Amino acid sequence: LARRVTTAGESRFTAAALDGLALGLSALKPAEDDGTLLLRTYEPAGARGTVTVALPDGWRLGDEVTILEEATGPADRRFLPFQLHTWRLEPA
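In UniProt numbering, the protein residues as written are 1 to 92.
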């Protein structure tokens, strides 16, 4: 999951960029059962809307999962007020 990167100057890495709604980050962690990551976000302000998710090269948005990491279907990027979503991030 991590590797050393040497650059000639200042650099920046973004693990995930979400756009369209202000969300809270609850977790970005390795999954318990495989080599994927879990991204858990929530809507903190009572708003509703849809987000776009941009991931670094080599990663893709996988299934929506429960808090117990059980798949429930394709990732739902629509948020209702105070809703929590957990998505699996998979190597592409």
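For every residue, glycine included, the Cβ atom is placed at its ideal position computed from N, Cα and C. Note that the structure is predicted; figures quoted are calculated from it, not measured.
For D63, the enclosing beta strand (DSSP E) stretches over residues W59 to V65. In this structure, DSSP gives P81 a state outside helix and strand, which the three-state scheme calls coil. Judged by DSSP secondary structure, D34 falls outside any beta strand (DSSP E); it is assigned neither H nor E. Straight-line measurement puts the Cα of V5 at about 26 Å from the Cα of R40. In the structure shown, V5 falls within a coil segment according to DSSP collapsed to helix, strand and coil. Taking C-beta atoms as the reference points, V53 and T86 fail to come closer than 8 Å.
Ranked by how close their Cα comes to the Cα of P56, the residues Q83, D19, G9 and P91 have P91 in first place. If the five residues before and after R88 are omitted, its C-beta is found closer than 7 Å to the C-beta atoms of A31, T36, L38, G62, D63 and V65, all from its own chain and listed in chain order. Sorting P81, A47, R77 and Q83 by C-alpha distance to the C-alpha of A17 places R77 at the top.
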